[in-house]
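For the first sequence, my numbering begins at 35 and goes up steadily by one.
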Amino acid sequence: MSLRVYNTLNGRKEPFEPIEPGKVGMYVCGVTVYDYCHVGHARANIVFDIIYRYLRYAGYEVNYVRNYTDVDDKIIARANERGIDSQELAEQFIRAFDEDMAALGLDLPSCQPKATEHMAEIIAIVEKLIERGIAYPSGGDVYFSVEQFPDYLKLSGRNLEEMQAGARIAPGELKRNPMDFALWKAAKPGEPSWDSPWGAGRPGWHIECSAMSMKYLGESFDIHGGGKDLIFPHHENEIAQSEGATGKPFVKYWLHNGFVNVNQEKMSKSLGNFFTIRDILKTYDSEILRFFILSAHYRSPIDFSDQNLDEATSGLERIYEALEAAAQAVEGCPESTEPCPEADAFKARFAEAMDDDFNTALALGHIFDAVRTMNRLIAEKKFRKKASLVTEVRALHAAVMQVGDALGLFGSDPAAWLEKQRLIALDKLGISVAEVQEQIERRVQARADKDFALSDQIRDELDARGVILLDGPQGTNWKVK
RNA sequence: GGCCCCGUCGCCAAGUGGUAAGGCACGGCUCUGCAAAAGCUGCACCGGCGGUUCAAAUCCGCCCGGGGCCUCCA
């Protein structure tokens with residue numbers, strides 16, 4: 035069984051064969067740092083985080099580069115609004131981005147370059163393109179000439195003539211063809227700028243990614259990722275610039291994640307229907323958000339709502355409860371080195387799901403199957419005395435933890451995680467832990483007195499307010515509905 | 001207008017030619033003082049119509065409904 039990935043370049047799933055066996059070079063477009071990130075950014079980064087994790091789980095050595103776009107029109111505009119330096123604004127949101135990604139539990143990429151630190155590389159590519167007749171200086175700008183690059187629009191599958199019909203040349207742009215795009219923009223007063231052979235200026239939006247990806251991963255590399263909305267024009271233009279300059283294939287596999295929707299509509303700044311990562315993390319644990327995102331295939335749209343997040347919470351709690359129960363059930367039992375075919379089969383199914391274009395939804399289904407098996411075995415009579423069952427539960431527990439690591443899940447201590455969730459939930463109900471404890475004690479006394487009417491009344495009252503009492507061998511526990 | 005995607009159980013969601021994974025919710029049973037949790041168990045012919053095929057949720061056509069890109073966007 036081997037990995038197959040959906041490649042936007044040809045619209046099909048194809049076998050994943052890295053340029054250099056065993057090694058993967060992967061570049062993902064980061065963010066333009068002028069504002070806080072929203073849940074859409076969270077999805078993109080979580081998706082590529084699990085791709086990064088799974089590739090390593092599958093044995094690849096991965097060089098993962100994710101950039102910061104720290105020079106751009108929007109950064110300049112926002113900095114001007116606030117009357118601060120654009121670099122200062124960029125630094126502020128780079129820190130915010132790093133905090134958000136850490137809060138989401140993302141593994142750090144191998145390298146996180148900044149556009150402003152790669153001016154020499156950017157200028158070198160522009161010079162090369164001019165040299166080859168694919169780009170031309172005009173005023174203080176430099177434009178890429180789309181007519182000189184026959185493969186233009188091969189990623190997005192569009193038609194140049196039709197696009198030209200609707201394209202306009204903005205005032206001040208000295209383009210030969212309306213579809214030509216800026217590689218270098220002449221500095222306007224008050225804008226950050228760098229010296230270049232064409233005078234002071236700054237890079238266009240797309241060129242930085244060509245420069246940084248090729249610098250760290252080579253002129254041809256394996257995976258380039260980003261949101262679907264980057265296919266055109268950003269990634270299309272990256273291909274044009276890069277292949278135009280090198281004459282070599284730029285990227286082997288283009289991977290694009292689907293959007294986060296709110297009420298079936300794309301979450302976006304312009305629609306104003308977005309939630310920032312830091313706001314959501316106040317209400318929902320980051321692992322719940324990750325679990326929710328992994329519950330759908332990465333290329334499908336996913337609808338963001340309280341109901342969906344609450345369902346994800348229930349599902350994740352079920353898994354953590356099983357992990358906790360399994361760990362407790364086998365504690366102190368003799369260890370065994372016996373192999374466990376069931377656990378091996380489970381891991382094989384997990385790998386098979388992930389190998390099919392990172393089918394995390396199916397992979398989670400397999401994890402739930404393993405959870406049910408563990409629960410079933412633990413519930414057997416005299417479980418602890420049956421060595422084969424103990425061995426199987428141990429092996430399944432270890433296997434779930436292992437595949438969980440490949441998804442960035444189940445890394446918390448189950449008891450602590452569940453406790454945190456129920457405290458959060460209780461807080462939402464506006465009930466204090468002390469009050470619940472007090473009621474439990476009253477009920478314990480009532481039960482001791484065999485006053486079941488009072489006992490049930492106490493439980494029903496709490497139930498009506500959203501708190502469920504659970505009587506177990508170790509006494510009475512509680513959880514939120 | 002051009003290009004593209006989606007429509008599977010009450011809700012979420014896999015499955016893309018061989019007879020529907022999983023989760024949440026719901027019903028029954030076991031357990032329990034009674035419950036809950038857990039387990040067992042029950043619960044869908046896949047938007048509509050037509051076609052191809054021995055066989056279609058899966059392929060083709062049309063229709064209906066929803067969405068995306070074409071301008072900054074994860």
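The beta-carbon is built from N, C-alpha and C at its ideal position, and this holds for glycine as well. Keep in mind the model is a prediction, meaning the values are calculated, not measured.
If I follow the unbroken alpha helix (DSSP H) through A216, where does it start and stop?
Translated into the one-based positions of the first sequence, residue 216 becomes position 182. Here A216 belongs to no alpha helix (DSSP H); instead the beta strand (DSSP E) covers 215-220.
Just to confirm the assignment, what range does the beta strand (DSSP E) spanning C545 have?
This structure leaves residue 545 out entirely; the chain is present only between 35 and 515.
Do A274 and I156 count as a contact pair if the criterion is CB distance below 8 Å?
Translated into the one-based positions of the first sequence, residue 156 becomes position 122. Translated into the one-based positions of the first sequence, residue 274 becomes position 240. Going by C-beta atoms, I156 is not nearer than 8 Å to A274.
Give me the Cβ distance between F380 and G349, rounded to the nearest whole Å; I'm assuming they're in contact under 8 Å.
As a first step, residue 380 must be located in the first sequence, where it is residue number 346. As a first step, residue 349 must be located in the first sequence, where it is residue number 315. Actually they do not touch by this definition, with Cβ atoms about 18 Å apart.
Short check: CB of D141 to CB of R77, under 8 Å?
Locating residue 141 in the first sequence gives position 107, where the first residue counts as 1. Locating residue 77 in the first sequence gives position 43, where the first residue counts as 1. Going by C-beta atoms, D141 is not nearer than 8 Å to R77.
Between the beta-carbon of L194 and the beta-carbon of V180, is there less than 8 Å?
As a first step, residue 194 must be located in the first sequence, where it is residue number 160. As a first step, residue 180 must be located in the first sequence, where it is residue number 146. Yes, Cβ-Cβ distance for L194 and V180 is below 8 Å.
Ordered along the chain, which non-local residues of its own chain (more than five positions away) have a Cβ less than 6 Å from that of A113?
For the purposes of this step, residue 113 is taken as the residue at position 79 of the first sequence. S120, L123, listed in sequence order.
Residues bridged to I336 by DSSP?
Here residue 336 corresponds to residue number 302 of the first sequence, with the count starting at 1. Answer is V294.
Please report how far the alpha carbon of G233 lies from the alpha carbon of G174, in whole angstroms.
Along the first sequence, one-based indexing puts residue 233 at 199. Along the first sequence, one-based indexing puts residue 174 at 140. Whole-angstrom Cα-Cα distance: 6 Å.
Taking buried to mean at least 16 other C-beta atoms within 10 Å of its own C-beta, is F338 buried or exposed?
In the first sequence, residue 338 corresponds to position 304, counting from 1. By the 10 Å Cβ count, F338 comes out buried.
Using the Cβ count rule (16 or more neighbours within 10 Å means buried), how would you classify F444?
Walking along the first sequence from the start, residue 444 turns up at place 410. Buried: at least 16 other Cβ atoms inside 10 Å.
Using 8 Å as the cut-off, can you tell me whether the region 464-474 makes contact with the region 361-376, which would need three or more C-beta pairs spanning the two stretches below that distance?
The region 464-474 is not in contact with the region 361-376.
Closest by CA to H152, which one among L430, V105, I110?
Numbered from its first residue, the first sequence carries residue 152 at position 118. The shortest Cα separation from H152 among L430, V105, I110 belongs to V105.
I need the straight-line Cα distance from M248 to R236, nearest angstrom please.
For the purposes of this step, residue 248 is taken as the residue at position 214 of the first sequence. For the purposes of this step, residue 236 is taken as the residue at position 202 of the first sequence. The alpha-carbon atoms of M248 and R236 are separated by roughly 19 Å.
Whose C-alpha, out of L441, S370, F384, is nearest the C-alpha of S422?
Numbered from 1 along the first sequence, position 388 holds the residue referred to as residue 422. With distances taken between Cα atoms, S422 lies closest to S370.
Under three-state DSSP, which class holds A169?
Numbered from 1 along the first sequence, position 135 holds the residue referred to as residue 169. In the structure shown, A169 sits in a strand (DSSP, three-state: E or B).
Do you know whose CA, among G500, K513, P52, lies nearest R456's CA?
The residue given as residue 456 occupies position 422 in the first sequence. Measuring from the Cα of R456, the nearest candidate turns out to be K513.
What residue does the alpha helix (DSSP H) around K462 start on, and which one ends it?
Against the first sequence, residue 462 aligns to sequence position 428. K462 -> alpha helix (DSSP H) spans 448-463.
Where does R210 sit, in a helix, a strand or coil, going by DSSP?
To locate residue 210, count along the first sequence from 1; it is residue 176. R210 falls in the coil class under three-state DSSP.
Would you kindly report the start and end of the unbroken alpha helix (DSSP H) that includes F82?
If you number the first sequence from 1, residue 82 lands on position 48. Taken as a continuous stretch (DSSP letters only), the alpha helix (DSSP H) holding F82 covers 73-91.
Any idea what DSSP makes of G260, helix, strand or coil?
Numbered from its first residue, the first sequence carries residue 260 at position 226. If DSSP states are grouped into helix, strand and coil, G260 belongs with the strands.
Using the beta-carbon count (16 or more within 10 Å), is K209 buried or exposed?
Working through the first sequence from its first residue, we reach residue 209 at position 175. Burial call: buried.
Could you check which residue in G399, A363, L503, D319 has the C-alpha nearest to that of D134?
On the first sequence, residue 134 is found 100 positions in, with the first residue counted as 1. When each option's Cα is compared against that of D134, the closest is D319.
Going by alpha carbons, who is nearest to T510 out of Q479, I265, L441?
Residue mapping note: residue 510 aligns to position 476 of the first sequence, counting from 1. It is Q479.
Which of the three DSSP states is assigned to I502 in this structure?
Within the first sequence, residue 502 is the residue found at index 468, counting from 1. Three-state DSSP puts I502 in a strand.
Are the CB atoms of Y98 and I128 nearer to each other than 8 Å?
Taking the first sequence and counting its residues from 1, the one referred to as residue 98 is at position 64. Taking the first sequence and counting its residues from 1, the one referred to as residue 128 is at position 94. Not a contact, by the Cβ cut-off of 8 Å.
Could you tell me the alpha carbon to alpha carbon distance between E386 and P147, rounded to whole angstroms?
Within the first sequence, numbered from 1, the residue matching residue 386 stands at position 352. Within the first sequence, numbered from 1, the residue matching residue 147 stands at position 113. E386 and P147: Cα-Cα distance of roughly 34 Å.
Alpha carbon to alpha carbon, how far is D229 from Y170? Give it in angstroms, no decimals.
Locating residue 170 in the first sequence gives position 136, where the first residue counts as 1. Locating residue 229 in the first sequence gives position 195, where the first residue counts as 1. Approximately 17 Å between the Cα atoms of the pair.
Going along the chain, which unbroken runs of the beta strand (DSSP E) with 3 or more residues stay wholly within the region 39-73?
If we require 3 residues or more, the beta strand (DSSP E) runs fully inside the region 39-73 come out as 46-49, 57-66.
Determine the extent of the beta strand (DSSP E) in which T280 is found, giving its start and end residues.
Looking up residue 280 in the first sequence gives position 246. Careful: T280 lies outside any beta strand (DSSP E), inside the alpha helix (DSSP H) at 270-280.
For C145, which residues does DSSP report across the bridge?
In the first sequence, residue 145 corresponds to position 111, counting from 1. Note: C145 sits in a beta bridge opposite V99.
Which residue wins for smallest C-alpha separation from G260, given the options R493, E270, G252?
On the first sequence, position 226 is the one that residue 260 refers to. For G260, the nearest C-alpha among the options comes from E270.
What residue does the beta strand (DSSP E) around T510 start on, and which one ends it?
For this step, residue 510 is matched to residue 476 along the first sequence. Per DSSP, T510 belongs to the beta strand (DSSP E) from 509-514.
State the Cα-Cα distance for the pair V65 and H431, rounded to the nearest angstrom.
Sequence index remark: in the first sequence, residue 65 carries index 31 (1-based). Sequence index remark: in the first sequence, residue 431 carries index 397 (1-based). Their backbone Cα atoms lie some 37 Å apart in a straight line.
Kindly indicate which residue of P184, K219, S144, N307 has the alpha-carbon position closest to the one of V176.
The sequence position of residue 176 within the first sequence is 142, counting from 1. Of the candidates P184, K219, S144, N307, the one whose C-alpha sits nearest the C-alpha of V176 is K219.
If the criterion is Cβ atoms closer than 8 Å, does the pair I241 and N295 meet it?
In the first sequence, residue 241 corresponds to position 207, counting from 1. In the first sequence, residue 295 corresponds to position 261, counting from 1. Not closer than 8 Å, so no.
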